[in-house]
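A.B. asks: The structure that follows is given in the form of structure tokens.
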Amino acid sequence: MKWLTLVALLGVSAHAAQVGSSSLTDSVWTLTQLAPRGEVVTPGALLRKPTLKVTPGGLLTGSTGCRGFAGWAAGTGNNLKVTPLKLSGTSRCSDHALSLEADFVKLLESATRFEISGQNLTIHGAGTNYVTFQAVKGEQTVTGNPPELESLKADWQLTRLVYRGQPVNVPSDSALSIRETDDGVQVRGQAGCNRLFGKVNLEGRTLSVSDLGMTRMMCPDMQAENAVVDIFGVPLTLTQEGDSLTLRNGRGELTLTRAAKAEAAFDAADLAGHAFTLNTVNGQPLGKTLKPVTMEFSERRVAGSDGCNSFGGEAVWNGSQLVVERLVSTLMACPDDDKVPSLTDLLKERPSVQFSGRTLTLTAHDVTWEFQQQN
Numbered sequence: 105m106k107w108l109t110l111v112a113l114l115g116v117s118a119h120a121a122q123v124g125s126s127s128l129t130d131s132v133w134t135l136t137q138l139a140p141r142g143e144v145v146t147p148g149a150l151l152r153k154p155t156l157k158v159t160p161g162g163l164l165t166g167s168t169g170c171r172g173f174a175g176w177a178a179g180t181g182n183n184l185k186v187t188p189l190k191l192s193g194t195s196r197c198s199d200h201a202l203s204l205e206a207d208f209v210k211l212l213e214s215a216t217r218f219e220i221s222g223q224n225l226t227i228h229g230a231g232t233n234y235v236t237f238q239a240v241k242g243e244q245t246v247t248g249n250p251p252e253l254e255s256l257k258a259d260w261q262l263t264r265l266v267y268r269g270q271p272v273n274v275p276s277d278s279a280l281s282i283r284e285t286d287d288g289v290q291v292r293g294q295a296g297c298n299r300l301f302g303k304v305n306l307e308g309r310t311l312s313v314s315d316l317g318m319t320r321m322m323c324p325d326m327q328a329e330n331a332v333v334d335i336f337g338v339p340l341t342l343t344q345e346g347d348s349l350t351l352r353n354g355r356g357e358l359t360l361t362r363a364a365k366a367e368a369a370f371d372a373a374d375l376a377g378h379a380f381t382l383n384t385v386n387g388q389p390l391g392k393t394l395k396p397v398t399m400e401f402s403e404r405r406v407a408g409s410d411g412c413n414s415f416g417g418e419a420v421w422n423g424s425q426l427v428v429e430r431l432v433s434t435l436m437a438c439p440d441d442d443k444v445p446s447l448t449d450l451l452k453e454r455p456s457v458q459f460s461g462r463t464l465t466l467t468a469h470d471v472t473w474e475f476q477q478q479n
């Protein structure tokens with residue numbers, strides 16, 4: 105809808121023109137030459153070449169060779185008009201690379217029409233200015249049918265991370281999960297420290313993450329996390345091969361591997377609509393509380409009382425492991441004479457769950473909480 109509004113303002117309509125053997129929206133394009141002032145320039149071998157991708161919806165993304173960029177394109181036939189591009193991050197490039205970036209951006213923003221011949225794309229700007237590209241070959245080619253969003257809904261292990269051209273060490277517990285929620289399709293996970301979350305949109309092969317947020321813990325090593333957050337800040341081009349998923353843009357590249365599905369000890373749907381009251385912690389009765397310690401499950405949520413404050417959050421199941429996202433609690437002042445253990449602290453540890461008969465058991469770090477079903 106955002107693009108349609110843009111098109112109306114420009115007074116043009118969208119058209120992903122099919123010319124020759126290739127289409128403007130079918131490939132990732134790598135710059136080969138440009139003529140910013142009517143004189144042909146070929147980037148040197150040591151310079152990182154700019155890239156370009158246009159989705160069927162008109163989203164324009166890529167890399168200037170220094171930074172990622174995003175914008176919108178529209179046109180009729182072979183006419184083309186590009187909105188001012190938004191560059192991402194802070195450039196750390198040489199003067200030659202910055203000069204190439206400036207010429208490249210100026211040419212794109214002055215685009216008037218394009219031509220495609222075989223695997224070559226030419227975008228014409230004002231006067232005799234133009235820029236030429238070639239369709240990317242090899243493993244980065246993204247022609248063919250794009251993946252369906254449904255195929256991305258899974259648990260993924262982050263196995264490789266490249267940021268600003270440099271490999272980054274990936275903590276062993278780095279993982280992302282893409283799932284359907286009450287708020288739409290969400291990505292959640294971590295890259296060594298804080299929990300990340302955001303809304304996922306897939307258009308063709310372009311994946312974008314909006315409303316990106318995270319917890320705010322300070323950890324000794326946050327290099328991988330900071331890189332992932334920055335990379336998610338602009339749209340990514342997606343390539344999926346079997347159980348491997350690659351996401352890349354001008355800022356970096358993530359390689360994800362589909363995690364093996366854990367064997368569930370029970371069907372989590374069996375808990376929906378039931379309430380449970382705490383019986384023991386590590387086999388011992390709980391100390392005195394203002395009210396019973398309880399848990400109640402619905403299809404996608406868990407709520408209850410820790411004996412004083414009420415809490416609630418979204419229940420996500422990884423086999424028999426309970427992950428409570430967006431956990432919130434009231435903030436009543438509570439007596440602590442008996443030093444009662446915290447149920448909300450337990451839920452933050454992603455406990456494993458067993459449900460047998462009318463007994464619900466949560467276990468994390470050798471601490472076991474046993475509840476009895478009440479309805």
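Numbering (the working numbering), first residue to last: 105 to 479. Glycine included, C-beta positions come from ideal geometry on N, C-alpha and C.
(1) In chain order, what residues of the same chain have a beta carbon less than 6 angstroms from the beta carbon of isoleucine 335, not counting five sequence neighbours either side?
(2) Where does histidine 469 sit, in a helix, a strand or coil, going by DSSP?
(3) Does DSSP put alanine 373 in a helix, in a strand, or in coil?
(4) Could you give the distance in angstroms between the alpha-carbon of proline 140 and the alpha-carbon of histidine 200?
(5) Could you please give me the residues that DSSP links to arginine 217 through a beta bridge?
(6) Just reading off the alpha helix (DSSP H) that valine 332 is part of, what are its end residues?
(7) What are the partner residues of leucine 464, as DSSP defines its beta bridges?
(8) Can you give me the Cβ contacts of threonine 384 inside the same chain, cut-off strictly under 6 angstroms, excluding the 5 residues immediately before and after it?
(9) Could you name the residues of the same chain whose beta carbon sits closer than 6 angstroms to that of isoleucine 227, not counting the 5 residues immediately before and after it, in chain order?
(10) Please work out which residues of its chain come closer than 8 angstroms, Cβ to Cβ, to glycine 148, disregarding the five sequence neighbours upstream and downstream, and give them in chain order.
(11) I think aspartate 259 touches serine 281, with their Cβ atoms under 8 angstroms apart; what is that distance to the nearest whole Å?
(12) Quick one: is cysteine 323 buried, meaning 16 or more other Cβ sit within 10 Å of its Cβ, or exposed?
(13) Under the three-state reduction of DSSP, which class applies to lysine 144: helix, strand or coil?
(14) I need the straight-line Cα distance from alanine 368 to leucine 191, nearest angstrom please.
(15) Thinking just about the alpha-carbon of each residue, which of Tyr267, Gly411, Leu390, Gly391 is nearest to the one in methionine 399?
(16) Which residues in the same chain have their Cβ closer than 7 angstroms to the Cβ of valine 186, if we skip the five residues on either side of it in sequence?
(17) Kindly indicate which three-state DSSP category serine 409 falls into: helix, strand or coil?
(18) Glutamine 327: which of Pro396, Asp315, Tyr267 sits nearest, CA to CA?
C.D. replies: In this structure, then:
(1) Here residue 335 is taken as the residue at index 231 of the sequence shown, counted from 1. So the qualifying residues of the chain are Arg355, Gly356.
(2) Along the sequence shown, read from residue 1 onward, the residue named residue 469 stands at position 365. Coil at histidine 469, not helix or strand.
(3) Against the sequence shown, residue 373 aligns to sequence position 269. Helix, per DSSP.
(4) If you number the sequence shown from 1, residue 140 lands on position 36. If you number the sequence shown from 1, residue 200 lands on position 96. Going by the C-alpha atoms only, they are around 14 angstroms apart.
(5) Taking the first residue of the sequence shown as 1, we reach residue 217 at position 113. Answer by DSSP bridge pairing, in chain order: Asn183, His228.
(6) Stepping through the sequence shown from its first residue, residue 332 is reached at position 228. Start and end: 327–335.
(7) Counting from one through the sequence shown, the residue named residue 464 turns up at place 360. Partner(s): Phe459, Phe475.
(8) The sequence position of residue 384 within the sequence shown is 280, counting from 1. For threonine 384, where only same-chain residues beyond five positions count, the Cβ hits under 6 angstroms are Glu474.
(9) The count along the sequence shown starts at 1 and reaches residue 227 at position 123. Closer than 6 angstroms at the Cβ level, and outside the excluded window around isoleucine 227, lie Ala215, Phe218, Val235.
(10) Stepping through the sequence shown from its first residue, residue 148 is reached at position 44. Around glycine 148: His200.
(11) Reading the sequence shown from its first residue, position 155 is the one you call residue 259. Reading the sequence shown from its first residue, position 177 is the one you call residue 281. Yes, they are in contact, since the Cβ atoms of aspartate 259 and serine 281 sit about 5 angstroms apart, within 8 angstroms.
(12) Residue 323 sits at position 219 when you count from the first residue of the sequence shown. Answer is exposed; the Cβ neighbour count stays below 16.
(13) Within the sequence shown, the letter at position 40 stands for residue 144. Sequence check: residue 144 is valine here, not lysine. It is coil, neither helix nor strand.
(14) If you number the sequence shown from 1, residue 368 lands on position 264. If you number the sequence shown from 1, residue 191 lands on position 87. Note that alanine 368 scores 42 on pLDDT, short of 50, meaning its location in the model is unreliable; the coordinates nonetheless yield the value given after this. Computed Cα separation, rounded: 45 angstroms.
(15) In the sequence shown, counting from the first residue as 1, residue 399 sits at position 295. Ranking Tyr267, Gly411, Leu390, Gly391 by Cα distance to methionine 399 puts Gly411 first.
(16) As a position in the sequence shown, residue 186 is number 82, starting the count at 1. Excluding positions up to five away in sequence, the list reads Leu164, Gly175, Ala177, Leu212, Glu213, Ala215.
(17) The residue labelled residue 409 in the question sits at position 305 within the sequence shown. Here serine 409 sits in strand by DSSP.
(18) Position 223 of the sequence shown, counted from the start, is the residue given in the question as residue 327. The shortest C-alpha separation from glutamine 327 is found at Tyr267.
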